[in-house]
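All remarks here apply to the structure that follows.
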Ligand code: NAP
């Protein structure tokens, strides 16, 4: 069998489109005296997180949004983080709030995010948002999960009637993504670390979404010929770089693979801004 080089599912063009729409909407809001404002709560000294958060702040400012980094000590007690989330939820000048992970030991993200006003929960972290999503009600979806769907749509990958295996069942990626894909009439399987014979499960799928946080987990052996592969993994490498969950061998079998970086990531950031602009608009409308 000859290997056909797979297509790269580039996320940057879709991200640029979203950022352009966001910049227009943010300018309109600002002209009406309501500049969209995003607050990012950080309670870690993790360097890759600091880099990610700075990239959100840069993108926000470029699009005309205000962005506040709220830095708490890395050994903060959950009660302190909760208080901060309550304060931001009550602050009318703030439209969107992100609780950045990782969190200090003992702090449970979903538990703390319950303190977030769902109207400002632009990364879908409040369990209410996930519940509403599952029930098919309007809610902000976690930006990464929504970004996967946007990436597939942008590259004209049909979802209706297709089989999709999502590898990873976290509250921020795997579970909400399964709901979004079901809403698009895909047939969804969610795999995880206890899945028996992962390659056999993923080989059934037309589309494989890798969101396990394990470098190179998905190899050629996991894929059927021509499968579309979305790599959500952003794993720091010992050399200080970033690696996905998909091994280079996947490209010899897959029809298309999303790159890391440059795939899901840029769309995720753009969607966080879009959600914030939407939240600001809704707040202004009362
Ligand atoms: P997480 O909370 O650690 O969840 C990982 C999931 O993968 C768990 O459900 C786990 O199974 C499963 N898993 C782990 N090892 C596995 C294996 N060998 N085989 C099958 N399943 C396995 O991680 P997360 O927050 O969802 O993030 C996943 C990845 O996405 C990370 O690399 C993260 O950095 C990246 N990410 C990227 C973005 C972006 O914007 N691009 C945003 C968020 C996250 P169990 O449930 O059984 O433990």
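In my numbering, the protein residues as written are 3 to 288.
For every residue, glycine included, the Cβ atom is placed at its ideal position computed from N, Cα and C.
All values reported here derive from a predicted model rather than from experimental measurement.
Locate the alpha helix (DSSP H) running through residue 132, then write down its first and last residues. In the DSSP assignment, residue 132 falls within the unbroken alpha helix (DSSP H) covering 129–136.
Mapping DSSP to helix, strand and coil, what is residue 14? helix
Consider the C-beta atom of residue 266 and the heavy atoms of ligand 1; say whether any pair is separated by less than 7 Å. Of the heavy atoms belonging to ligand 1, at least one sits nearer than 7 Å to the Cβ of residue 266.
Excluding the 5 residues flanking residue 29 on each side, which residues of the same chain have their C-beta closer than 7 Å to its C-beta? 66
What residues does ligand 1 have around it, judged by CB closer than 6 Å to any heavy atom, in chain order? 146, 169, 170, 171, 172, 174, 175, 176, 193, 194, 195, 196, 197, 200, 213, 214, 215, 216, 219, 234, 235, 236, 237, 266, 267, 270
State the CB to CB distance for the pair residue 288 and residue 249, rounded to an integer number of angstroms; the pair is presumed to be in contact (CB under 8 Å). With a Cβ gap of about 51 Å, residue 288 and residue 249 do not count as contacting.
Between the beta-carbon of residue 178 and the beta-carbon of residue 143, is there less than 8 Å? yes
C-alpha distance - residue 158 paired with residue 97, whole-angstrom precision: 32 Å
With contact counted as at least three CB pairs below 8 Å, one residue from each stretch, are the stretch 234–241 and the stretch 203–218 in contact? With a cut-off of 8 Å, the stretch 203–218 and the stretch 234–241 count as touching, because enough Cβ pairs lie within range.
Does residue 217 come out as helix, strand or coil in the three-state DSSP assignment? Shown here, residue 217 sits in coil according to DSSP, grouped into three states, outside any helix or strand.
List the endpoints of the continuous beta strand (DSSP E) containing residue 98. Element bounds for residue 98: 98–101.
Where residue 254 falls: helix, strand or coil (DSSP): helix
Is it the case that the Cβ atoms of residue 43 and residue 72 are separated by a distance below 8 Å? Yes; because the gap between Cβ atoms is below 8 Å, this pair is in contact.
What I want to know is whether the C-beta of residue 226 ends up closer than 7 Å to one or more non-hydrogen atoms of ligand 2. In the structure shown, ligand 2 is absent; the only ligands present are ligand 1.
Beta-ladder partner(s) of residue 74, from DSSP: Paired residue(s): none; residue 74 is not in a bridge.
Would residue 193 pass as a contact of residue 220 if the rule is Cβ separation under 8 Å? Cβ distance not < 8 Å, so residue 193 and residue 220 don't count as in contact.
Considering only C-alpha positions, which residue in the set 117, 49, 257 is nearest to residue 2? The chain is shown only over 3 to 288; residue 2 falls outside these bounds and no answer can be derived.
Which of helix, strand or coil does DSSP assign to residue 2? A query on residue 2 cannot be resolved here, the shown segment of the chain reaching from 3 to 288 and no further.
Nearest-angstrom beta carbon gap, residue 167 and residue 146 [assumed within contact, 8 Å]: That pair is no contact at about 17 Å.
Going by the CB atoms, is the gap between residue 135 and residue 46 shorter than 8 Å? no
Reduced DSSP category for residue 189 - H, G, I as helix; E, B as strand; rest coil: strand
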